[in-house]
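Novice:
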Amino acid sequence: MDFHLTDEQLDIQQMVRKFARNEIAPIAAEIDENSRFPVETFEKMGELGLLGLLIPEQYGGVGQSVLTFCIAMEEVAYACASTSLSYLAHSVLCAHNLLCNGSDEQKKRYLPDLASGKKLGAIAMTEPDVGSDVLAIETFAERRGDEYIVNGSKTFITNAPVADTFLVYVRTDRALGPKGLSQLIVERGFPGFSIGEAFHKMGMRGSPTAPIFFQDCRVPVENLVRGENKALSIILGGLDVERTVGGSMAVGAARAAFDRAVAYSKERRQFGQPIALFEMILEKLANMSMDIEAAQLLTYKACALCDEGVRCSAEASHAKLFASEASVRACSEAIQILGGYGYMREYEVERMLRDARMGTIGGGTSEIQRLIIAREVLKR
Ligand SMILES: Cc1cc2nc3c(=O)[nH]c(=O)nc-3n(C[C@H](O)[C@H](O)[C@H](O)COP(=O)(O)OP(=O)(O)OC[C@H]3O[C@@H](n4cnc5c(N)ncnc54)[C@H](O)[C@@H]3O)c2cc1C
Numbered sequence: 022m023d024f025h026l027t028d029e030q031l032d033i034q035q036m037v038r039k040f041a042r043n044e045i046a047p048i049a050a051e052i053d054e055n056s057r058f059p060v061e062t063f064e065k066m067g068e069l070g071l072l073g074l075l076i077p078e079q080y081g082g083v084g085q086s087v088l089t090f091c092i093a094m095e096e097v098a099y100a101c102a103s104t105s106l107s108y109l110a111h112s113v114l115c116a117h118n119l120l121c122n123g124s125d126e127q128k129k130r131y132l133p134d135l136a137s138g139k140k141l142g143a144i145a146m147t148e149p150d151v152g153s154d155v156l157a158i159e160t161f162a163e164r165r166g167d168e169y170i171v172n173g174s175k176t177f178i179t180n181a182p183v184a185d186t187f188l189v190y191v192r193t194d195r196a197l198g199p200k201g202l203s204q205l206i207v208e209r210g211f212p213g214f215s216i217g218e219a220f221h222k223m224g225m226r227g228s229p230t231a232p233i234f235f236q237d238c239r240v241p242v243e244n245l246v247r248g249e250n251k252a253l254s255i256i257l258g259g260l261d262v263e264r265t266v267g268g269s270m271a272v273g274a275a276r277a278a279f280d281r282a283v284a285y286s287k288e289r290r291q292f293g294q295p296i297a298l299f300e301m302i303l304e305k306l307a308n309m310s311m312d313i314e315a316a317q318l319l320t321y322k323a324c325a326l327c328d329e330g331v332r333c334s335a336e337a338s339h340a341k342l343f344a345s346e347a348s349v350r351a352c353s354e355a356i357q358i359l360g361g362y363g364y365m366r367e368y369e370v371e372r373m374l375r376d377a378r379m380g381t382i383g384g385g386t387s388e389i390q391r392l393i394i395a396r397e398v399l400k401r
């Protein structure tokens, strides 16, 4: 066991930290206020190689590990949570998923543009009537000759308004239950595919979320990933990495709230002394610090297992569940420490709490993470 990052990881961390603090943090409040997707940020992230961090060089990326990706993700989330959510959907849920499951031809066709940021990616699993019970997907794809004809709809799709490449889970066999699911690559512009109006959200407002619709949408058979009725293992395997990276997003956001709280508690004076000297404030800071340390360690452990290629449902759920709930606690306590100022928009911690709240819902709710962990515990 080695708790030290490599020199290369430290270099990447420094590079992303500098970029995120100079280019992402200064516009975080503005993109939240205007519900604006920061296209310019993603262009720069593409130039820096951040969008292809997980993609091997042969497909136009940099070929780094899940751990290194999470180190970068933490820095992006520290600067702006909604930018990190769109980054996760693009780089992990779409590009990395395709890397793990696509054919060589599909990877050659789609990954270079995703790695450079020329095209943005999304994943479409959730439906209006299918959320936590994800294996009950109803959107149906029927094979006709060289095409699938897809009918149905998906909702809450991160990046849908700006994405070009969608990985879409569909049902291809109604009799097979969870084993009757397949994954298709759908391009913006395919006939019969449309994108709805973006939702107005509580937080994560710089990351656009919208429903998508399929009305006799025609998808070429060569865009079927892995084979018909083969999506169950894609869904289960992909969620380990998604949840692990979700953990690092939450750690980055929690660190940002914590640093604001520490700085403020040293500056703010009441009763003739800095509030940092009051024991009840110190207790909050100690709890936040312990939460962040634990969340980061759980996340790094899940990263290590993902990088070994080992299935790690329980560890990924530990990371995602603990880190997302720790992040909500940290943002809420940061508001408390900042007092009335914490409740005001200019001080940013209120935005951080609105953003953090999403972490306990997206990628599987906290209740579902607890179910997964409990089932694994009983199984082991
Ligand atoms: C901002 C945002 C972005 C998102 N991005 C994407 C995306 O890019 N792609 C995508 O496919 N989806 C996306 N989602 C959808 C997200 O994954 C779902 O919202 C989530 O899985 C929960 O599904 P649901 O909202 O339908 O809630 P439901 O499943 O209806 O759950 C409602 C409540 O019931 C609880 N519950 C459900 N089942 C059980 C059970 N068995 N035991 C105990 N409690 C239970 C839940 O925990 C929750 O509290 C996004 C969601 C949000 C908010």
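Its first residue numbered 22, the sequence shown is counted upward by one per residue in the numbering used here.
All C-beta atoms, glycine included, are put in the ideal place defined by N, C-alpha and C.
1) Report the option in V242, L245 and A184 whose CA atom is closest to the CA atom of S215.
2) Would a C-beta distance cut-off of 8 angstroms place T179 and T230 closer than the cut-off?
3) Out of A93, G248 and G81, which one is the CA nearest neighbour of C324?
4) Looking only at its own chain, which residues have a Cβ that is under 6 angstroms from the Cβ of F63, when we skip the five neighbours before and after it?
5) Please say whether G142 and C115 have beta carbons closer to each other than 8 angstroms?
6) Among M146, E168, A277 and V97, whose alpha-carbon lies nearest the alpha-carbon of E354?
7) Do you know offhand how far E51's Cα is from A337's?
8) For Q236, name the three-state secondary structure that DSSP assigns.
9) Enumerated in chain order, which unbroken segments of the alpha helix (DSSP H) with a length of 4 residues or greater are wholly contained in the segment 121-199?
10) For L202, write down the residues that DSSP places opposite it in a beta bridge.
11) Compute the Euclidean distance between the alpha carbons of A49 and I256, then round it to the nearest angstrom.
12) Is it true that the CB of L75 sits closer than 8 angstroms to the CB of G82?
13) Since S254 is in the beta strand (DSSP E), which residue starts that stretch and which ends it?
14) For M22, count neighbouring Cβ atoms within 10 angstroms of its own Cβ and tell me buried if that reaches 16, exposed if not.
15) Would you mind reading off the limits of the alpha helix (DSSP H) that contains F90?
16) So, helix, strand or coil for P47, using DSSP?
17) Taking a contact to mean a Cβ-Cβ separation below 8 angstroms, would you say S174 touches P232 in this structure?
18) What's the gap between the Cα of L26 and the Cα of G67?
19) Bridge partners for A231 per DSSP, in chain order?
20) Please report the straight-line C-alpha distance between L326 and E168, rounded to a whole angstrom.
21) Could you name the residues of the same chain whose beta carbon sits closer than 7 angstroms to that of M225, not counting the 5 residues immediately before and after it, in chain order?
22) Please work out which residues of its chain come closer than 8 angstroms, Cβ to Cβ, to S286, disregarding the five sequence neighbours upstream and downstream, and give them in chain order.
23) Excluding sequence positions up to five away, which residues of its chain have a Cβ less than 7 angstroms from the Cβ of E346?
24) Going by C-alpha distance, which of I313, S203, P241 and K129 is nearest E95?
25) Which residues mark the beginning and the end of the alpha helix (DSSP H) in which I313 is found?
26) Compute every distance between the C-beta of G383 and the non-hydrogen atoms of ligand 1, then say whether any falls below 7 angstroms.
27) Taking 7 angstroms as the cut-off, is the CB of S174 close to at least one heavy atom of ligand 1?
28) Whole angstroms is fine: what's the gap from P77's alpha carbon to D261's?
29) Note the first and the last residue of the continuous beta strand (DSSP E) segment covering S215.
30) So, is P149 buried or exposed, given that buried needs 16 or more other C-beta atoms within 10 angstroms?
31) By the DSSP assignment, the alpha helix (DSSP H) with L399 in it spans what residues?
32) Would you mind stating whether L205 and L245 have Cβ atoms separated by less than 8 angstroms?
33) Going by C-alpha to C-alpha distance, which of R289, V283 and V398 sits closest to H339?
34) If we ignore side chains and look at the alpha-carbon of each, how far apart do C333 and G385 end up?
35) What's the C-alpha gap between G330 and T320?
36) Where does the unbroken alpha helix (DSSP H) through G406 begin, and where does it stop?
Specialist: Answer, in terms of the structure:
1) A184
2) yes
3) A93
4) G138
5) yes
6) A277
7) 32 angstroms
8) strand
9) 125-137
10) R192
11) 32 angstroms
12) yes
13) Element bounds for S254: not the beta strand (DSSP E) but the alpha helix (DSSP H), A252 to E288.
14) exposed
15) V87 to A100
16) helix
17) yes
18) 24 angstroms
19) I178
20) 38 angstroms
21) A102, S103, L106, D376 and M379
22) P295, I296, A297, I302, L306 and I358
23) T381 and S387
24) I313
25) E300 to E329
26) yes
27) no
28) 20 angstroms
29) F214 to I216
30) exposed
31) S387 to K400
32) yes
33) V398
34) 15 angstroms
35) 15 angstroms
36) Residue 406 cannot be examined here, being either before or after the span of the chain that is shown, 22 to 401.
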